[in-house]
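To start, the structure under review is shown below, and the notes come after it.
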Amino acid sequence: MASKPIREMKVLSLGLPRTGTLSMAEALEILGYQNVYHCLRGLNFEQHCPLFSHAADATFPTLKTYRENAEMTREDWDAIFGASEAATEVASLFGPQLITAYPDAKVVLVIRDFDSWYRSLNDTLIAGLWSPPLNFIASYIHPLIGVTTIEVIRKMAFGFFEADSVDSVRTNARAVYDRHHRQILEMVPAERLLIYDLKSGWGPLCEFLGKPIPESEFPRSNEAEALREMARAKFTGEILALAKAIFLPKFLTAPVSAMFNSLYLRYLHYR
Numbered sequence: 001m002a003s004k005p006i007r008e009m010k011v012l013s014l015g016l017p018r019t020g021t022l023s024m025a026e027a028l029e030i031l032g033y034q035n036v037y038h039c040l041r042g043l044n045f046e047q048h049c050p051l052f053s054h055a056a057d058a059t060f061p062t063l064k065t066y067r068e069n070a071e072m073t074r075e076d077w078d079a080i081f082g083a084s085e086a087a088t089e090v091a092s093l094f095g096p097q098l099i100t101a102y103p104d105a106k107v108v109l110v111i112r113d114f115d116s117w118y119r120s121l122n123d124t125l126i127a128g129l130w131s132p133p134l135n136f137i138a139s140y141i142h143p144l145i146g147v148t149t150i151e152v153i154r155k156m157a158f159g160f161f162e163a164d165s166v167d168s169v170r171t172n173a174r175a176v177y178d179r180h181h182r183q184i185l186e187m188v189p190a191e192r193l194l195i196y197d198l199k200s201g202w203g204p205l206c207e208f209l210g211k212p213i214p215e216s217e218f219p220r221s222n223e224a225e226a227l228r229e230m231a232r233a234k235f236t237g238e239i240l241a242l243a244k245a246i247f248l249p250k251f252l253t254a255p256v257s258a259m260f261n262s263l264y265l266r267y268l269h270y271r
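Residue numbers (UniProt numbering): 1 to 271.
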């Protein structure tokens, strides 16, 4: 399912999730890059889930759904990223493939200290993706309303971490962290690669990209809070979708949604 790209991919920001990817996305947009792709920024991620599922099946050999003869062509990647001039976050899971698909794109790599990165990954993404509320959505609501978002994200996580369980995601994290950075450093020529520390601000990034330094401060987004808010909104929205699917009377929809939302917020508070 390919489509002609609307824009040229100019920047691949391939730091792993939980390395300030939302701040990077906002910084790149401030610098003028159009439609920077990040799952928290609402750029059709849910509509792209079937494409990401195919990409995972074509990329990660440890998945049970892996298809050895499948491949992602440039046109397939354009069907996801063709409207974007830059991509980050989920793009990092397919770093080598995107470097090959977009050979002219500059690559920014944010490397966070492993221990700090792992704590953040475990406390937010891993704990959130396999939390009781999201387990409930994936097991009972998604089959009724025909949505696969959580399932596809979990598939990509399992594939990227060469895992078949949450425990093996954790066990494999160090090796995958090292593999990811090693592959990018080996694939990208020095003139197209910036090893970047967000604390260094605009200077190194703007020099690398050939952009003037903005007057505004470098963005410092609270990505953990944004993830929680996205999950809460998704939980509430899909409870409403379920209510509609089972023809729950309108006068009961709001109270039921409020009840589940309260339970979810309580879960977040006491985790």
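Note that CB positions come from ideal geometry on N, CA and C, so glycine has one too. Here the structure is a predicted model, which is why all the values come from computation and not from measurement.
Tell me where the beta strand (DSSP E) around residue i begins and ends.
| i | result |
| --- | --- |
| Ser13 | 11-13 |
| Leu40 | Leu40 -> no beta strand (DSSP E), and no H or E assigned at all. |
| Tyr196 | 193-196 |
Have a look at residue i and residue j and give me their C-alpha separation to the nearest angstrom.
| i | j | result |
| --- | --- | --- |
| Gln115 | Ala79 | Sequence inspection shows Asp at residue 115; the Gln mentioned does not correspond to that position. If you take the alpha carbons of Asp115 and Ala79, they lie about 36 Å apart. |
| Tyr37 | Glu85 | 8 Å |
| Ile6 | Ser165 | 38 Å |
| Val182 | Thr88 | The sequence shown places Arg at residue 182, rather than the Val named in the question. Spanning the two alpha carbons is a distance of roughly 18 Å. |
| Pro143 | Arg41 | 25 Å |
| Pro214 | Phe136 | 44 Å |
| Ala157 | Glu186 | 23 Å |
| Thr124 | Gly15 | 17 Å |
| Gln47 | Gly159 | 20 Å |
| Leu205 | Gln34 | 17 Å |
| Gly128 | Thr65 | 24 Å |
| Ala138 | Trp202 | 40 Å |
| Leu98 | Lys211 | 23 Å |
| Thr73 | Thr59 | 12 Å |
| Val188 | His180 | 12 Å |
| Leu70 | Pro50 | The question names Leu, but residue 70 in the sequence shown is Ala. In a straight line, the C-alpha of Ala70 is about 14 Å away from that of Pro50. |
| Leu248 | Gly146 | Because the pLDDT at Leu248 is just 48, under 50, the model does not fix this residue reliably, and the point stays unresolved. |
| Glu151 | Asn44 | 16 Å |
Please classify residue i as buried or exposed, where buried requires at least 16 neighbouring CB atoms within 10 angstroms.
| i | result |
| --- | --- |
| Glu26 | buried |
| Ala163 | buried |
| Asp178 | exposed |
| Gly32 | exposed |
| Gly113 | Reading off the sequence, residue 113 comes out as Asp, not Gly. Under this definition Asp113 is an exposed residue. |
| Pro133 | buried |
| Pro17 | buried |
| Ala101 | buried |
| Ala91 | buried |
| Ala105 | buried |
Out of the options, point me to the one whose CA is closest to residue i's CA.
| i | options | result |
| --- | --- | --- |
| Thr148 | Glu89, Phe52, Gly32 | Phe52 |
| Arg67 | Glu75, Asp57, Gly201, Lys10 | Asp57 |
| Val110 | Ile126, Gly20, Pro212 | Gly20 |
| Val108 | Leu198, Gly146, Gly159 | Leu198 |
| Tyr196 | Ser13, Glu8, Met9 | Ser13 |
| Lys155 | Phe94, Ser200, Thr73 | Phe94 |
| Lys10 | Cys39, Pro103, Leu63 | Pro103 |
| Glu75 | Val176, Val188, Arg170, Ala55 | Ala55 |
| Thr62 | Phe45, Asn172, Asn44 | Asn172 |
| Arg174 | Arg220, Leu193, Glu191, Leu121 | Leu121 |
| Val169 | Phe45, Gly146, Arg119, Thr59 | Arg119 |
| Pro219 | Ile126, Ile150, Ser200, Leu193 | Ser200 |
| Ala83 | Val152, Phe208, Glu8 | Glu8 |
| Asp117 | Val176, Tyr140, Ser131 | Reading off the sequence, residue 117 comes out as Trp, not Asp. Checking every option, the nearest Cα to that of Trp117 belongs to Val176. |
| Cys39 | Leu22, Leu193, Glu191 | Leu22 |
For the alpha helix (DSSP H) containing residue i, name the first residue and the last one.
| i | result |
| --- | --- |
| Gln34 | No alpha helix (DSSP H) holds Gln34; DSSP gives it neither H nor E. |
| Asn172 | 166-187 |
| Asn122 | Counting along the chain, Asn122 falls outside any alpha helix (DSSP H), and DSSP gives it neither H nor E. |
| Lys155 | 149-160 |
| Pro204 | 202-209 |
| Ile30 | 21-30 |
| Pro133 | 132-136 |
Report whether the distance from the Cβ of residue i to the nearest heavy atom of the ligand SAM is below 7 Å.
| i | result |
| --- | --- |
| Ser120 | Absent from the structure shown: the ligand SAM. Ligands present: none. |
Return the chain-ordered ranges of every alpha helix (DSSP H) run that is complete within the stretch 42-116 and spans a minimum of 4 residues.
45-59, 74-81, 95-101
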